[in-house]
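Colleague: Here the working numbering is used: the first residue of the sequence shown is 3, the next is one more, and so on. For reference, the structure I am asking about is given below.
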Amino acid sequence: MLQLLLNQKLIFGLIGGLGLFLFGMKILSEGLQKVAGNRMQKILAALTNNRVVGALVGIAVTAIIQSSSATTVMVVGFVNAGLMSLVQSIGVILGANIGTTVTAQLIAFKITKYALPAIGIGAAFKLFSRNKKWSYFGEILLGFGLLFFGLSVMKSAFDPLKASEEFRQVFMVVGNNHLLGVLIGAVLTVVVQSSSATIGITIALASTGLLSFEASVALILGENIGTTMTANLAAIGTNLAARRTAFAHFLFNSLGVCYMLALFPLFLQFVSALTPGDADFVIQTQEQIARMGGEIGDKPFIARHIANTHTMFNIVNTIIFLPMVGLLAKLSTFAIRGHEKETDFYLKYLDNRVLSTPPIALAQARSETRRMAEIAQEMVDETLRFLQDNDLKRIPDLQNKENLTDVLQKEITDFLVALSQKSIDQEAFKEIASMMNMINDLERVGDHCENLWNLNQRKLAQRITFSEIAMNEIADISELTSSFLATVVAALIQKNTEVYDEAYRLEDAIDDLEERLRNNHIKRLNTGECTVNSGLIYIDMLHNFEKIGDHTFNVAKAVVGNK
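As structure tokens, this is what we get:
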């Protein structure tokens with residue numbers, strides 16, 4: 003038995019086959035995400051408190067990204083950011099459990115012989131096509147090919163085990179001891195970090211005749227528990243709601259496995275009744291090989307039985323637990339107790355957990371950038387109020403907002419840099435560059451606001467007064483600047499790409515007004531209406547308003563895609 007375990011073909015085949023399988027899954031997932039594009043954001047935007055809608059969203063997103071673990075980790079991130087409630091998240095995760103079964107259903111199709119042509123054609127489209135859609139299609143085809151080729155390699159690697167009676171006895175023990183099978187399936191999934199990969203290994207073992215249908219079902223049930231560990235690990239360090247979301251996933255999958263184990267014979271009969279062919283039928287003659295494919299000792303029908311087992315477990319589990327989403331939320335709250343401390347979170351939307359899903363990560367970066375723009379608008383408006391009423395109590399809040407824009411600039415930039423290193427298309431690269439420019443300009447708006455309130459503080463400290471004309475002029479340019487920024491921020495939020503002409507007009511108006519007011523001030527200096535000290539502060543204020551206008555215009559250019 004030890005000699006078989008050390009068999010080079012077995013070790014190399016299992017490692018290489020699993021590597022090809024996982025790499026194929028990654029390429030397939032990235033290709034599907036690129037094809038889906040902004041549809042991912044629209045699907046998530048459909049979220050409501052309706053649990054059925056939430057489940058459908060979970061199915062759709064997981065079908066696109068081909069990973070329930072990735073969907074669940076993403077949902078944990080949303081809950082942590084306050085974008086999704088605990089009840090909403092449970093509905094989405096229940097749907098994700100169904101969505102991930104698509105992979106097993108695809109694996110069960112006997113299309114392994116087309117794996118190499120799919121790799122060749124997919125690589126050709128990916129490498130040589132100038133059309134983006136065909137290139138994405140090439141990625142999907144390449145991913146499918148690598149996935150099935152990896153499965154074929156793993157299946158071939160298990161051939162030496164067919165002749166080992168000792169291994170047959172081991173797998174027989176798994177079939178007879180369902181709890182042991184569940185434990186092995188769970189541990190294997192935690193190690194591999196992919197329930198799809200574990201199901202692929204299970205199908206490869208079962209198809210070669212090494213696993214009975216009964217043992218395969220026990221492993222599948224364990225895999226459904228193991229896949230919840232990824233989200234629970236991701237929830238470490240998050241807030242209470244996020245940890246409860248991850249625990250709820252573990253809770254309903256574990257409870258589902260418990261009642262399935264109690265009804266094990268009935269569940270097997272149910273799946274067998276839905277699936278044609280005898281799961282444990284073994285090819286024994288050349289005639290059967292010619293008719294069914296494979297080789298002597300293979301089980302031609304068991305792959306579809308395993309795929310249907312995985313699908314039916316999650317469908318039945320969802321039907322049972324979807325009406326009890328509220329109860330699951332209460333159980334999760336009871337199990338993970340505590341009260342969330344009131345803290346100021348710098349980031350509301352960004353979470354590195356969603357970086358593995360670039361379309362969603364890009365949408366979150368947009369949301370955080372829009373939030374930063376709104377904070378910049380608040381800073382400008384609050385600064386203008388300070389210039390009018392000279393209320394020093396406004397300064398601490400202004401300083402906090404300025405510090406926040408500094409932090410947001412760094413955090414969003416770091417997030418966008420990490421996102422740019424993922425597999426994304428050219429349009430996403432352009433948008434990332436545009437957002438980087440935008441957040442830099444928004445941060446500079448904050449800096450010029452700080453200059454303005456510091457100048458006003460200096461004016462108050464030195465007991466300098468402006469003439470009534472100068473005060474009216476400051477009011478004019480400040481009103482125009484605030485209106486300009488409000489117009490551009492509204493365009494950013496509403497995704498209005500036709501704001502450029504209006505932005506160009508307002509930026510010119512601020513430049514012209516700044517020049518005219520500066521000339522007026524010089525005339526007042528010459529006539530003695532203004533003092534030198536007040537003049538220096540006045541000119542600096544005009545300069546800062548003009549600079550806010552410049553950076554606002556840069557933001558407008560980024561909104562329309564010119565920067």
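C-beta atoms are modelled at their ideal positions from N, C-alpha and C, and glycine is treated no differently.
1) For Q411, does the count of other Cβ atoms within 10 angstroms reach 16, so buried, or fall short, so exposed?
2) Who are the near neighbours of H180 in its chain, counting only those whose CB is closer than 7 Å to its CB and skipping five residues on each side?
3) Could I get the ranges of all uninterrupted alpha helix (DSSP H) runs contained in the stretch 103–170, with 4 residues as the minimum, in chain order?
4) CB-CB under 6 Å to D552, same chain, minus the five flanking residues each way: which ones, in chain order?
5) Can you tell which of K403, Q35 and M437 has the C-alpha that lies nearest to the C-alpha of V419?
6) In chain order, what residues of the same chain have a beta carbon less than 6 Å from the beta carbon of K28, not counting five sequence neighbours either side?
7) May I ask which residues mark the beginning and end of the alpha helix (DSSP H) holding L574?
8) By alpha-carbon positions, which one of E481, F315, V89 and D503 ends up nearest to L544?
9) In whole angstroms, what is the alpha-carbon distance linking Y261 and F150?
10) With C-beta atoms as the reference, is F303 less than 7 Å away from G328?
11) Let me know if V491 comes out buried or exposed under the rule of 16 or more other beta-carbons within 10 Å of its beta-carbon.
12) How many Å lie between A233 and N556 at the Cα?
13) Please state whether DSSP places A493 in a helix, a strand or coil.
14) Using a Cβ-Cβ distance under 7 Å, would L257 count as near chain C?
15) Below 8 Å, can you find three or more Cβ-Cβ pairs linking the stretch 269–284 to the stretch 114–127?
16) Using 10 angstroms around the beta-carbon of N586, count the other beta-carbons present and answer buried if the total reaches 16, otherwise exposed.
17) In chain order, what residues of the same chain lie with their CB nearer than 8 Å to the CB of V155, ignoring the 5 residues before and after it?
18) State whether the stretch 457–465 contacts the stretch 510–530, with contact taken as three or more CB pairs (one from each stretch) at a distance under 8 Å.
19) Restricting to Cα atoms, I'd like to know which of S485, T102 and L30 is closest to L148.
20) Using a Cβ-Cβ cut-off of 6 Å (strictly less than) and excluding sequence neighbours within five positions of N226, which residues of its own chain qualify?
21) Looking at the structure shown, is Y506 part of a helix, part of a strand, or coil, going by DSSP?
22) Under three-state DSSP, which class holds C260?
23) Is the stretch 372–381 close to the stretch 98–113, with three or more CB pairs under 8 Å?
24) Taking 7 Å as the cut-off, decide whether the C-beta atoms of I495 and R372 are in contact.
25) Whole angstroms is fine: what's the gap from V189's alpha carbon to A98's?
26) Would A237 pass as a contact of I92 if the rule is Cβ separation under 7 Å?
Modeller: Looking at the atomic coordinates:
1) Counting Cβ neighbours within 10 Å, Q411 comes out buried, since at least 16 surround it.
2) Excluding sequence neighbours, H180 sits near A220, L263 and F266.
3) Those alpha helix (DSSP H) runs which fall completely within the stretch 103–170 and span 4+ residues are 103–110, 117–130, 134–159 and 161–164.
4) Here the set comprises nothing.
5) When each option's Cα is compared against that of V419, the closest is M437.
6) None.
7) Given a span of 3 to 565 for the chain in the structure shown, any question on residue 574 remains unanswerable.
8) Nearest C-alpha to L544: E481.
9) Between Y261 and F150, the C-alpha separation is close to 33 Å.
10) Not a contact, by the Cβ cut-off of 7 Å.
11) With 16 or more Cβ atoms within 10 Å of its Cβ, V491 is classed as buried.
12) About 40 Å.
13) Secondary structure at A493: helix, using DSSP grouped into helix, strand and coil.
14) In the structure shown, chain C does not exist; there is a single protein chain.
15) With the cut-off at 8 Å, the stretch 269–284 and the stretch 114–127 do not touch.
16) Residue 586 is absent from the structure shown; the chain starts at 3 and stops at 565.
17) Cβ contact annotation for V155 (same chain, cutoff 8 Å, sequence separation greater than five): G15, G18, G19 and L22, in chain order.
18) Counting Cβ pairs under 8 Å, fewer than three are found: no touch.
19) The shortest C-alpha separation from L148 is found at L30.
20) Closer than 6 Å at Cβ, skipping near neighbours: N255.
21) Look at Y506 here: in three-state DSSP terms it is helix.
22) C260 sits in a helix when the DSSP states are folded into three classes.
23) Result no; under three Cβ-Cβ pairs closer than 8 Å.
24) Result yes, Cβ atoms of I495 and R372 sit closer than 7 Å.
25) The straight-line gap from Cα to Cα measures roughly 21 Å.
26) Inclusion of A237 and I92 in the CB contact set at 7 Å is not warranted, their separation being larger than that value.
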